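Peer 1: For reference, the structure I am asking about is given below.
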Amino acid sequence: EKDFQVNQTKPEFEGDYTVVMFSLVKSLKLSPDAIGNQLGDHLTKNYPQLFSRYNIIKGFLNLTVSDAYWVDLLNKNHNDTCYGKKEMNGNKVMVEYSSPNTNKPLHLGHLRNNFLGWSVAEILKASGYEVIKSCIVNDRGIHICKSMIAWQLFANGATPESTGVKGDHFVGEYYVKFNDAYKLEVDKLVSEGVDKATAEKEAPIMKATQQMLLDWEAGKPEVMELWKRMNSWVYAGFDITYKRIGSDFDITYYESNTYLLGKDIVKQGLDKKVFYQKEDSSIWIDLTADGLDEKIVQRKDGTSVYITQDIGLALQKYEQYRINQNIYVIGNEQNYHMKVLQLICRKLGIPNADNIHHLSYGMVELTTGKMKSREGTVVDADDLVDEMVATSKQHTEELGKVKDFTEAELEELYDTIGLGAMKFYLLRVDPKKTMVFNPEESIDFHGFTGPFVQYTYARIKSILRKMANTPMTNDPMTNDLLKLEKDLIIAAEQYPAMIGQACNEHNPSVIANYVFHLAKTFNSLYTEHSIANAETEEKKQLRLQLASITANIIKSGMSLLGIKVPERM
RNA sequence: GGUCCGGUAGCUCAGUUGGAUAGAGCAUCAGCCUUCUAAGCUGAGGGUCAUUGGUUCGAAUCCAAUCCGGAUCACCA
């Protein structure tokens with residue numbers, strides 16, 4: 211026996227699985243049809259309980275799996291709410307995601323990052339990994355000082371409390387104010403005859419910001435106090451957003467704590483001759499042999515650069531948790547940086563450097579082009595969530611199916627549907643691809659959407675409630691599955707493999723596509739064939755089991771995407 | 001310019017360890033609610049899989065070249 215190529219049979223041919231004969235022709239020196247006949251005879255004769263019949267068309271052997279096998283599979287799994295999930299395998303993975311800056315609120319791009327990170331963590335858990343979710347907060351640096359300077363200049367002591375503005379948005383406004391004031395100063399200098407590059411350096415507000423950064427690094431008390439105060443406003447805002455969208459972290463790292471990490475490593479790297487020092491005493495690594503460039507790892511003044519703290523943090527993560535795998539959910543604009551990071555870690559001999567994985571995702575663009583904060587075309591995360599929830603409220607009210615819900619139940623339902631639509635919309639696309647955010651399409655609740663899948667679930671639960679008193683026989687066997695029934699069993703059978711694929715590829719869109727396909731398959735059966743009024747008792751039992759396993763998989767699969775499902779909608 | 005990623009229906013996306021007539025959703029058109037939730041179902045139209053060449057029984061998928069789009073190549077983070 212050797213490896214065969216086995217595919218699912220195309221719907222226009224009879225059969226469930228197809229074996230392609232051409233690859234065997236050379237080694238066996240027989241015609242494709244002759245091989246097909248032999249193999250088909252062999253399989254149906256020796257595994258009659260598995261394969262009931264076969265046919266051969268133009269070198270393709272189509273095998274039909276017996277109905278008894280499918281029904282048996284369904285009998286075994288229809289009640290298992292953990293169906294498809296694996297036992298713990300003893301491996302630890304860290305998923306670092308979200309990683310915000312504390313100078314502005316979260317936007318649409320962050321949402322893709324947060325949903326991806328959360329979902330990949332859930333998929334890893336379902337595949338048997340122990341997962342530690344982490345977040346590195348970029349809470350220091352020149353951009354943070356910009357908001358601080360602007361606040362000192364323009365706020366007159368205003369605070370989020372005094373203005374009623376959410377903390378992260380409040381600070382973000384001063385970041386914008388900085389840029390406006392800076393631009394005015396530069397324009398003024400240019401109009402006075404200063405060249406642009408000099409003007410950008412010499413603008414008073416920029417000089418003040420740079421001085422503030424030095425003061426911060428020196429630990430000047432009033433600067434530290436302002437920094438802490440403004441960051442605390444931002445964190446209060448982030449907490450609200452994270453809670454709303456369902457992001458959480460087992461460990462949060464702050465750059466203000468980690469930016470000095472890696473200094474020892476630089477020294478060790480020098481000793482190991484992985485790094486070298488130039489005459490101006492700056493320290494470098496030469497990666498030209500690996501097809502990359504020379505990269506600086508420490509400035510001539512002894513201060514560390516971004517990549518240095520990344521190396522330090524990678525080592526700290528390992529020492530703290532002994533992780534086997536280290537996943538970074540970061541946009542694809544940092545592909546080069548991450549490549550360099552992994553390479554340096556490898557050369558330094560940092561444990562598990564080979565298991566650093568950059569989950570690189572594409573940018574989210576608007577139908578009108580790219581998001582640019584300067585042009586005010588950024589889609590704010592909080593605004594977007596509000597809009598989605600409001601839309602789900604409007605749709606729900608129009609349909610008028612849940613008039614008996616309490617106010618609290620309604621609020622919960624609107625959140626479930628609105629967030630479900632948004633998460634599904636952002637996760638259904640392959641992460642590595644640049645995607646387009648179309649506002650009209652994103653609030654569509656029909657077709658390939660979260661609410662479609664949620665609706666299928668609610669429908670099934672409605673049936674199961676109504677038939678709660680119907681006795682379930684143990685093993686309803688039937689040997690004449692309808693096509694739609696068989697299609698649904700086959701779809702259900704694929705779930706474990708889909709989790710495996712999503713895990714290997716770190717790709718939640720596999721689950722989104724699958725769960726949609728499953729829901730669609732169920733809906734076809736649902737409209738064509740009654741469950742409560744099935745032709746026979748056996749059929750009723752069979753379809754109840756089908757409904758049950760479909761609901762379980764939908765709930766489980768959607769939870770892997772971070773999406774809840776409502777009992778009614 | 002170097003490196004990397006992408007180009008599939010009007011739009012948004014699946015499909016790439018090479019397999020039969022390339023699939024969904026949206027949009028358009030035509031049907032289906034006295035029976036389990038119509039946020040649903042059924043059907044129709046819509047394609048030079050960027051282009052050209054190559055590899056072979058067979059290419060959207062692999063290779064080469066070209067065109068187009070994006071990212072990156074900071075003593076920024």
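The first sequence begins at 211 in the working numbering and counts up by one. Beta carbons are placed, not taken as given, at the ideal position from N, Cα and C, and that holds for glycine. As the structure is a prediction and not an experimental result, all values here were calculated from the model.
(1) Looking at the structure shown, is residue 257 part of a helix, part of a strand, or coil, going by DSSP?
(2) Would you mind sorting residue 487 into buried or exposed? The rule is 16 or more other CB atoms within 10 Å of its CB.
(3) Does residue 633 pass the burial test, meaning 16 or more other C-beta atoms within 10 Å, or should it be called exposed?
(4) Which same chain residues, not among the five before or five after residue 534, have their C-beta less than 8 angstroms away from its C-beta?
(5) Over the uninterrupted alpha helix (DSSP H) stretch that includes residue 383, give me the two end residues.
(6) Residue 719: which of 672, 645 and 755 sits nearest, CA to CA?
(7) In the structure shown, what three-state DSSP assignment does residue 339 receive?
(8) Is residue 574 helix, strand or coil when you go by DSSP?
(9) For the beta strand (DSSP E) containing residue 496, list its first residue and its last residue.
(10) Consult DSSP for residue 590 and reduce its assignment to one of helix, strand or coil.
(11) Report yes or no: do the region 662-676 and the region 728-737 share at least 3 C-beta pairs separated by less than 8 angstroms?
(12) Kindly list the residues whose CB is nearer than 8 angstroms to the CB of residue 227, restricted to its own chain and excluding five residues on each side of it in sequence; keep chain order.
(13) Which of the three DSSP states, helix, strand or coil, is assigned to residue 459?
(14) State the Cα-Cα distance for the pair residue 368 and residue 391, rounded to the nearest angstrom.
(15) Following the continuous alpha helix (DSSP H) through residue 275, name the residue where it begins and the one where it ends.
(16) Taking buried to mean at least 16 other C-beta atoms within 10 Å of its own C-beta, is residue 590 buried or exposed?
(17) Assess, as a yes-or-no matter, whether the region 616-624 is touched by the region 339-350 under the definition of 3 or more beta carbon pairs within less than 8 angstroms.
(18) In terms of alpha-carbon separation, which member of 758, 733, 668 and 229 lies closest to residue 611?
(19) Taking residue 552 as part of the beta strand (DSSP E), name the residues at either end of that continuous run.
(20) Can you check which of these residues, 404, 616 and 624, is closest to residue 604 by C-alpha distance?
(21) Out of 295, 362, 466 and 311, state which residue places its alpha-carbon closest to the alpha-carbon of residue 338.
(22) With distances taken from CA atoms, which of 689, 263, 739 and 626 is nearest residue 455?
(23) Quick check on the burial criterion: 16 or more other C-beta atoms within 10 angstroms. Buried or exposed for residue 489?
(24) Please determine, among 509, 754 and 638, the residue with the shortest C-alpha to C-alpha distance to residue 857.
(25) Residue 539 and residue 305 look like a contact to me (Cβ under 8 angstroms); what is the Cβ gap, rounded to whole Å?
(26) In whole angstroms, what is the alpha-carbon distance linking residue 412 and residue 506?
(27) How is residue 532 classed by DSSP in three states: helix, strand or coil?
(28) Considering only the beta carbon of each residue, do residue 265 and residue 758 sit closer than 8 angstroms?
(29) Tell me the rounded alpha-carbon separation between residue 502 and residue 642.
(30) Does the ligand PLP have a heavy atom nearer than 7 angstroms to the CB of residue 525?
(31) Give the DSSP-derived three-state secondary structure of residue 303 in the structure shown.
(32) Between 779, 772 and 682, which lies nearest to residue 635 when the distance is taken from Cα to Cα?
(33) Whole angstroms are fine: how far does the CA of residue 629 sit from the CA of residue 762?
Peer 2: The answer reads as follows:
(1) coil
(2) exposed
(3) buried
(4) Hits under 8 angstroms: 301, 302, 303, 562 and 565.
(5) Start and end: 377-401.
(6) 645
(7) Residue 339: coil per DSSP, three-state reduction.
(8) Judged by DSSP in its simplified three-state form, residue 574 adopts strand.
(9) 493-496
(10) strand
(11) For the pair of segments examined, the region 662-676 was found to touch the region 728-737: the number of CB pairs separated by less than 8 angstroms reaches three.
(12) For residue 227, the CB contacts under 8 angstroms within the same chain, skipping 5 residues up- and downstream, are 216, 217, 218, 219, 272, 273 and 275 in chain order.
(13) coil
(14) Those two C-alpha atoms are separated by around 18 angstroms.
(15) Note, residue 275: premise wrong, no alpha helix (DSSP H); beta strand (DSSP E) at 270-275.
(16) buried
(17) They do not touch, by the three-pair rule.
(18) 668
(19) That residue, residue 552, is in no beta strand (DSSP E); its alpha helix (DSSP H) goes 545-558.
(20) The residue from 404, 616 and 624 with its alpha-carbon nearest to that of residue 604 is 624.
(21) 295
(22) 626
(23) exposed
(24) Because the chain here runs from 211 to 779, residue 857 falls outside it and cannot be looked at.
(25) 7 angstroms
(26) 27 angstroms
(27) Of the three classes helix, strand and coil, the one that applies to residue 532 here is coil, per DSSP.
(28) No; because the gap between Cβ atoms is not below 8 angstroms, this pair is not in contact.
(29) Between the C-alpha atoms of residue 502 and residue 642 there is a straight-line separation of about 22 angstroms.
(30) The ligand PLP is not part of this structure, which contains no ligands at all.
(31) strand
(32) The candidate whose alpha carbon is nearest that of residue 635 is 772.
(33) 20 angstroms
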